[in-house]
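I have placed the structure first, in the form of structure tokens, so that the comments after it can refer back to it.
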Amino acid sequence: MTSLWRHFNSYLAGAVSALASYFIKTIPQGAATTCYLALSPQVAGVTGEYFRNCNITKPSSFGQDSELAKKVWDFSTKLTDSHSGKSHS
Numbered sequence: 015m016t017s018l019w020r021h022f023n024s025y026l027a028g029a030v031s032a033l034a035s036y037f038i039k040t041i042p043q044g045a046a047t048t049c050y051l052a053l054s055p056q057v058a059g060v061t062g063e064y065f066r067n068c069n070i071t072k073p074s075s076f077g078q079d080s081e082l083a084k085k086v087w088d089f090s091t092k093l094t095d096s097h098s099g100k101s102h103s
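Per the working numbering, the sequence shown starts with residue 15, numbered consecutively.
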């Protein structure tokens with residue numbers, strides 16, 4: 015767990031941390047797939063795949079929705095453009 019709750023009431027933070035530990039990955043668990051893909055010779059040259067827990071898997075329906083992907087992309091570019099002063103249009 016990160017120190018995300020460090021600015022909250024210690025009792026609330028403790029309760030949330032205890033409950034979240036059943037649902038949220040630890041920092042090493044969260045980083046494992048990224049490190050595996052960056053460092054493992056077993057996946058060298060593998061492209062265009064979706065990985066979860068160090069294994070190739072199928073993305074959720076949200077991850078396969080090209081219309082939603084376009085909306086997220088457009089929103090993201092507008093958001094970053096407003097902070098950078100650039101425009102992609």
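From the three backbone atoms N, C-alpha and C, an ideal C-beta is built for every residue, glycine too.
Residue i and residue j closer than 8 angstroms at C-beta
i          : j                : result
leucine 82 : phenylalanine 89 : no
Assumed close pair residue i, residue j - CB separation to whole angstroms, cut-off 8 angstroms
i                : j            : result
phenylalanine 65 : leucine 53   : Not a contact, Cβ separation roughly 13 angstroms.
asparagine 67    : threonine 40 : Incorrect: roughly 13 angstroms between the Cβ atoms, too far for contact.
Residues that residue i bridges to, as DSSP identifies them
i            : result
threonine 71 : Tyr64
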